[in-house]
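Counting in numbering that gives the first Met the number 0, the sequence shown runs from 0 upward without gaps.
First up is the structure itself, then whatever we jot down about it.
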Amino acid sequence: MRLIYTFIYYLIMPFVLIRLLWRSRHTSEYRKRWSERFGYAPCTIYKKNIWIHAVSVGETIAAIPLVNALIKQYHPHYHFIVTTTTPTGSELVKKHLKNRVTHTYAPFDVPTAVSRFLKRANIKLCIIMETELWPNLLTICNKQKIPILLANGRLSEQSSKRYQLIHRLTKQMLGAYHTVAAQGVLDGERYLQLGLDPRKLVITGNIKFDLEIPAELIEQGKIIKQQIGIERRALIAASTHEGEDAIILAAFKKIRAEIPNLFLILAPRHPDRFQKIAELCKQMHFETALRSQQTPITTTTDILLVDTIGELQMIYAAADIAFVGGSLVPVGGHNLIEPAVLGLPILTGPHLHNFTEISKLLQNAGAAQIVNHAKDIADAVIALCSAKELREKIGKCAKETIETNRGALQKHLECIERCLILI
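In structure tokens, the structure reads:
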């Protein structure tokens with residue numbers, strides 16, 4: 000089965016490269032550093048390297064506190080190589096981890112690229128964040144006696160059904176892991192149903208609950224809030240996807256009929272949509288400031304468009320209410336923990352299959368509310384803006400829910416310690 004997969008991967012490789020070129024129309028970084036994707040990682044002077052792989056933004060955010068803890072515990076005995084597959088992930092690594100780690104793009108999942116990467120990078124332990132199952136990467140690491148840990152593992156019902164279609168290959172891939180540290184019981188059960196050895200499963204909780212937003216980022220967010228105006232309520236629509244921005248703007252228009260000075264912070268998920276959304280705001284006659292251009296925010300500014308990468312945590316600190324995207328359309332939702340850590344009331348759409356347990360926790364605590372369309376959003380925001388005590392009560396519930404569920408980071412460190420014994 001893996002041979003068939005590898006053969007198909009080699010066949011489609013030209014199309015993979017064409018896709019990178021296509022995406023580089025909007026994000027030029029996609030046409031740079033291609034050699035790294037073929038396994039030509041920067042040669043390292045370090046003899047013992049721990050590899051942490053995080054696909055993109057969400058996984059990188061989860062990895063940052065883990066990497067910080069690993070550096071504190073194991074540097075200089077081990078060096079750390081962090082890989083991503085997207086430029087946005089790369090930017091986050093550089094911004095938050097700086098020169099304390101080496102960043103490179105992950106190799107394509109073909110034997111030549113993976114083997115070349117492992118040799119050049121002197122990998123002793125592989126930590127894969129959240130959902131990644133790559134047949135060649137897992138097989139080759141296993142053959143080279145490199146322990147593999149799946150950290151913060153999550154597996155949605157939809158993903159589980161897809162993996163069931165290739166059950167034999169999936170069981171082989173899961174067999175390559177030394178440990179699967181699953182976020183929750185449901186995730187763990189799905190891994191077991193796919194053939195994971197129960198002895199390899201550890202339920203750790205979600206490492207994202209251990210998120211600490213640096214004080215300097217919160218202060219920077221407060222400065223933006225001062226620019227908006229302390230007396231103006233600010234709604235942030237974060238990580239929005241295609242089809243959601245128009246709904247948010249329609250809701251914003253409805254709210255402004257009741258609350259004329261409401262301010263909207265719009266933070267799309269993908270950089271290649273920034274220009275399109277700026278044009279949409281203009282078409283709807285909203286005065287829009289662009290974060291990338293440091294456009295001054297005045298009393299007549301309606302919207303701040305966050306057309307930058309890696310600033311979401313800071314921007315959340317400028318808001319009073321948060322809508323988290325990827326949820327009005329069937330994407331599966333995004334990280335609800337960041338706004339909760341800051342004590343923001345949270346609105347989210349119904350499509351939350353990637354964050355089922357987190358969303359249920361916050362909903363049960365009264366910290367998150369499901370909205371289905373523009374009218375729902377408008378009604379919820381108007382109610383929250385009209386009642387300061389209600390906002391503060393919901394925000395307090397959000398923070399307390401996060402505090403109650405911390406502790407996954409320490410459990411991950413214990414799993415990693417057991418893996419390192421094998422080296």
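Here a beta-carbon is modelled for each residue, glycine too, at the ideal position from N, C-alpha and C.
Alpha-carbon to alpha-carbon, residue j and residue i
{"i": "K392", "j": "A386", "result": "10 Å"}
{"i": "K359", "j": "R272", "result": "30 Å"}
{"i": "R417", "j": "W50", "result": "16 Å"}
{"i": "P13", "j": "D378", "result": "49 Å"}
{"i": "S158", "j": "Q409", "result": "27 Å"}
{"i": "I336", "j": "T307", "result": "21 Å"}
{"i": "H350", "j": "V323", "result": "11 Å"}
{"i": "P110", "j": "H352", "result": "33 Å"}
{"i": "Y315", "j": "F285", "result": "21 Å"}
{"i": "Q292", "j": "I3", "result": "49 Å"}
{"i": "F262", "j": "L117", "result": "49 Å"}
{"i": "I264", "j": "N334", "result": "17 Å"}
{"i": "D186", "j": "T355", "result": "10 Å"}
{"i": "R153", "j": "Q182", "result": "6 Å"}
{"i": "R437", "j": "K47", "result": "Here the chain has residues from 0 to 422 only, and residue 437 is not among them."}
{"i": "V330", "j": "A256", "result": "30 Å"}
{"i": "K374", "j": "I254", "result": "9 Å"}
{"i": "V15", "j": "R30", "result": "12 Å"}
{"i": "E388", "j": "K395", "result": "10 Å"}
{"i": "G332", "j": "H240", "result": "10 Å"}
{"i": "H269", "j": "A364", "result": "30 Å"}
{"i": "T59", "j": "L210", "result": "12 Å"}
Buried or exposed by the 16-neighbour rule on C-beta atoms within 10 Å, applied to residue i
{"i": "F251", "result": "buried"}
{"i": "N151", "result": "buried"}
{"i": "C384", "result": "buried"}
{"i": "Y9", "result": "exposed"}
{"i": "Q312", "result": "buried"}
{"i": "C42", "result": "exposed"}
{"i": "T299", "result": "exposed"}
{"i": "R161", "result": "exposed"}
{"i": "G242", "result": "exposed"}
{"i": "L421", "result": "exposed"}
{"i": "K123", "result": "buried"}
{"i": "I11", "result": "exposed"}
{"i": "V305", "result": "buried"}
{"i": "T297", "result": "exposed"}
{"i": "W133", "result": "buried"}
{"i": "S155", "result": "buried"}
{"i": "E35", "result": "buried"}
{"i": "F426", "result": "In the structure as shown, the chain starts at 0 and stops at 422, and residue 426 therefore has no counterpart that could be examined."}
{"i": "R18", "result": "exposed"}
{"i": "L20", "result": "exposed"}
For residue j and residue i, believed in contact at Cβ under 8 Å, the rounded distance
{"i": "A407", "j": "I206", "result": "4 Å"}
{"i": "E90", "j": "G309", "result": "5 Å"}
{"i": "A266", "j": "A237", "result": "5 Å"}
{"i": "F79", "j": "V92", "result": "The Cβ separation is near 10 Å, so there is no contact."}
{"i": "I381", "j": "I223", "result": "I381 to I223, Cβ: 23 Å. No contact."}
{"i": "M283", "j": "L248", "result": "6 Å"}
{"i": "V54", "j": "T87", "result": "V54 to T87, Cβ: 10 Å. No contact."}
{"i": "A61", "j": "M128", "result": "6 Å"}
{"i": "T347", "j": "I369", "result": "6 Å"}
Three-state class that DSSP yields for residue i in the structure shown
{"i": "G152", "result": "strand"}
{"i": "H95", "result": "helix"}
{"i": "Q182", "result": "coil"}
{"i": "T26", "result": "coil"}
{"i": "S55", "result": "coil"}
{"i": "L193", "result": "coil"}
{"i": "L136", "result": "helix"}
{"i": "F79", "result": "strand"}
{"i": "N67", "result": "helix"}
{"i": "S34", "result": "helix"}
{"i": "V340", "result": "helix"}
{"i": "A288", "result": "strand"}
{"i": "T5", "result": "helix"}
{"i": "L102", "result": "In the sequence under discussion, the amino acid at residue 102 is His, which differs from the Leu named in the question. Strand, per DSSP."}
{"i": "S238", "result": "strand"}
{"i": "T300", "result": "coil"}
{"i": "T400", "result": "helix"}
{"i": "P267", "result": "strand"}
{"i": "Q293", "result": "coil"}
{"i": "A233", "result": "strand"}
{"i": "M283", "result": "coil"}
{"i": "V305", "result": "coil"}
Any non-hydrogen atom of the ligand GTP within 7 Å of residue i CB
{"i": "I235", "result": "Of the ligands one can find in the structure shown there are none, so the ligand GTP has no counterpart to examine."}
Original post:
Are the segment 174–181 and the segment 138–150 touching by the rule of at least three beta carbon pairs closer than 8 Å?
Top reply: yes
Counting beta carbon pairs with one atom in the segment 60–74 and one in the segment 136–143, are three or more of them shorter than 8 Å? no
At a cut of 8 Å, does the segment 161–168 reach the segment 190–206 through at least three beta carbon pairs?
yes
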